[in-house]
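Mind the numbering: the sequence shown is residues 182 to 289 in the working numbering, read in order.
From the three backbone atoms N, C-alpha and C, an ideal C-beta is built for every residue, glycine too.
Treat the numbers as computed from the prediction; the structure is a model and nothing was measured.
Written below as structure tokens is the structure these notes are about.
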Amino acid sequence: MPNINDLKKSAFLTRADVGAGALVTIKSYEQINVAKEGAPEELRWALHLEETEKPFVLNSTNGQIIAGITKSEETDTWPGHKVVLYDDPNVSFGGKLVGGIRCRAPRN
Numbered sequence: 182m183p184n185i186n187d188l189k190k191s192a193f194l195t196r197a198d199v200g201a202g203a204l205v206t207i208k209s210y211e212q213i214n215v216a217k218e219g220a221p222e223e224l225r226w227a228l229h230l231e232e233t234e235k236p237f238v239l240n241s242t243n244g245q246i247i248a249g250i251t252k253s254e255e256t257d258t259w260p261g262h263k264v265v266l267y268d269d270p271n272v273s274f275g276g277k278l279v280g281g282i283r284c285r286a287p288r289n
């Protein structure tokens, strides 16, 4: 019997992909189209990571967290830095708890 997360494939990194924590290395940063096929273009910023083919679509909160981890708001300086991505059930969207990916600094 497949896991329910196997039923919906995503071209982008999902909560199921990171689980309780995945240590990743930032490779690059670019705008990508996240719109569903046939829908108008919707550009969002995303990180490409050394450890996965799927890009990590960035939101403002995670961008601010990564800026704190890297000690730089300049995304050009982010490649090579390591962060931990994890499934956080307390992420809210539109006033509702929906869960999502959050990031934190790696533990030394």
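- The secondary-structure analysis by DSSP pairs E211 across a beta bridge with A227.
- Our two residues, W259 and G249, have alpha carbons roughly 11 Å apart in a direct line.
- The C-beta of V199 has 16 or more other C-beta atoms within 10 Å across all chains shown, which makes the residue buried.
- Looking at the DSSP output, L204 sits in a beta bridge with V265.
- By alpha-carbon distance to D268, the top candidate from R288, N243 and G275 is N243.
- Residue environment: P236 is assigned as buried (16 or more neighbouring CB atoms within 10 Å of its CB, all protein chains considered).
- Residue burial annotation: A216 is exposed, with fewer than 16 other C-beta atoms found within 10 angstroms of its C-beta.
- The C-beta distance from V265 to P287 rounds to 5 Å, short enough to fall under 8 Å.
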